[in-house]
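Notes follow the structure.
Residue numbers (the working numbering): 197 to 583.
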């Protein structure tokens, strides 16, 4: 029995890996295509600025989708409780999913010699509450499934409507349909009708919708087609108190920020983010170097990676707090660390940021941390002068 359980576990992990590889290949295909088109736009004389901007926005969307795939891997090992949520317009989700996926499925249909038309019928709908990245991933996967069902070509219709209590998003194809036994098992974990690919796909979709307090159902008839319907509740979005607070808050003055990361790429990226806010940035490639710089020069804020050769980010935080307990520390990590958060906080970390994060989220965290701590405006220099 033990060997059977272990065999099933290994098989499940294998299916997860195949599904993740499938999703990443979809995303990388889109990113590569958009990057090449962006290069073509910029090579024009004069450069096609508006077209370039749209392609850059799509690249950002694809990168966020990649981050969502990584979170799905984390979901397999642990139930996430930290999924960010906000007001979501399902019409925007629908449009983004079509834009993100169309490069791949158009190429596949061209290679197969078939024509697939995708049509959107957005209705007048209220907002729901949730994570737009996860919901876009759901609709993207439903589109790919519908395209696969149209082996001889056909049409896919995405539509939204609301009765005031629920919002419905449907994905309908006029493909081959599916038998009743498949419909009954389609949302079971690891059930798949494909020899290769993502057996976790539809069960993950089911889990995402359930986390959004929604429902997803399938209606299908052989040789007539399939409709997948996602229902989400209408939720009055909470008042954006944070936005009001930020408008009233006194702007943070230029601060001295020490960035600690063993990745050259990450250090350069964070330096650019901080410089655009007017902060003075010092860089360290490891924890020992960071503590030496901090001892000599001080800082208003320390931003450190978690996993580094030598001293870890937690040891950096402890060393900073030992020298000056008033200096806040932001820990940035690509690992799922929520379950270790109490221990991390005990090390002196004031805020945790999960990689990858957008420039807006990074900058907001920096400014808010400085504001709460009352740092900025050359605090470090004043403190050294007082010694």
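In this text, a Cβ means the ideal position worked out from N, Cα and C, and glycines have one as well.
Whole-angstrom C-beta distance between residue 497 and residue 451, which should lie under 8 Å: Between residue 497 and residue 451 the Cβ distance is about 6 Å, and since that is below 8 Å, they are a contact.
Same chain, Cβ closer than 8 Å to residue 257, five either side skipped, listed in chain order: Apart from sequence neighbours up to five positions away, the residues of its chain that approach residue 257 with a beta-carbon distance below 8 Å are 292, 295, 296, 332, ordered along the chain.
Chain-order list of residues whose beta-carbon lies under 8 Å from that of residue 420 (same chain, five-residue window excluded): 370, 373, listed in sequence order.
Three-state class that DSSP yields for residue 284 in the structure shown: DSSP, reduced to helix, strand and coil, places residue 284 within a strand of the structure shown.
For residue 430 and residue 414, the rounded distance between their alpha carbons: Straight through space, the alpha carbons of residue 430 and residue 414 are spaced by roughly 21 Å.
Sequence-distant residues of the same chain with beta carbon closer than 7 Å to residue 477, five excluded per side: Excluding sequence neighbours, residue 477 sits near 453, 455, 467, 470, 471.
Distance CB(residue 529)-CB(residue 551) smaller than 8 Å: Cβ atoms of residue 529 and residue 551: closer than 8 Å.
Cβ neighbours of residue 350 in the same chain (closer than 7 Å, five flanking residues each side left out): These residues qualify, in order along the chain: 312, 369, 370, 371.
Rounded C-alpha distance that separates residue 281 from residue 236: Those two C-alpha atoms are separated by around 36 Å.
Status (buried if at least 16 other CB within 10 Å, exposed otherwise) for residue 367: With 16 or more other Cβ atoms within 10 Å, it is buried.
Simplified DSSP state of residue 557, which is helix, strand or coil: Residue 557 falls in the helix class under three-state DSSP.
Distance between residue 464 and residue 473 (C-alpha atoms, nearest Å): The alpha-carbon atoms of residue 473 and residue 464 are separated by roughly 15 Å.
Residue of 559, 518, 553 minimising C-alpha distance to residue 542: When 559, 518, 553 are compared, the shortest CA-CA separation from residue 542 is found for 518.
Backbone CA spacing between residue 492 and residue 515 [nearest angstrom]: So the alpha carbons of these two residues sit roughly 13 Å apart.
Whole-number beta carbon distance between residue 323 and residue 284, since they are thought to touch under 8 Å: The C-beta separation of residue 284 from residue 323 comes to about 6 Å, placing the pair in contact by the 8 Å criterion.
Residues sharing a beta bridge with residue 143, DSSP: Residue 143 lies beyond the range of the chain shown here (197 to 583); nothing can be said about it.
Same chain, Cβ closer than 6 Å to residue 383, neighbours up to 5 away in sequence not counted: Scanning its chain for C-beta atoms nearer than 6 Å, with the 5 sequence neighbours on each side dropped, one finds around residue 383 the residues 398, 399, 402, in chain order.
Per-residue burial, residue 338 [other beta carbons within 10 Å of its own, 16 or more giving buried]: It is buried - the Cβ of residue 338 has at least 16 other Cβ atoms within 10 Å.
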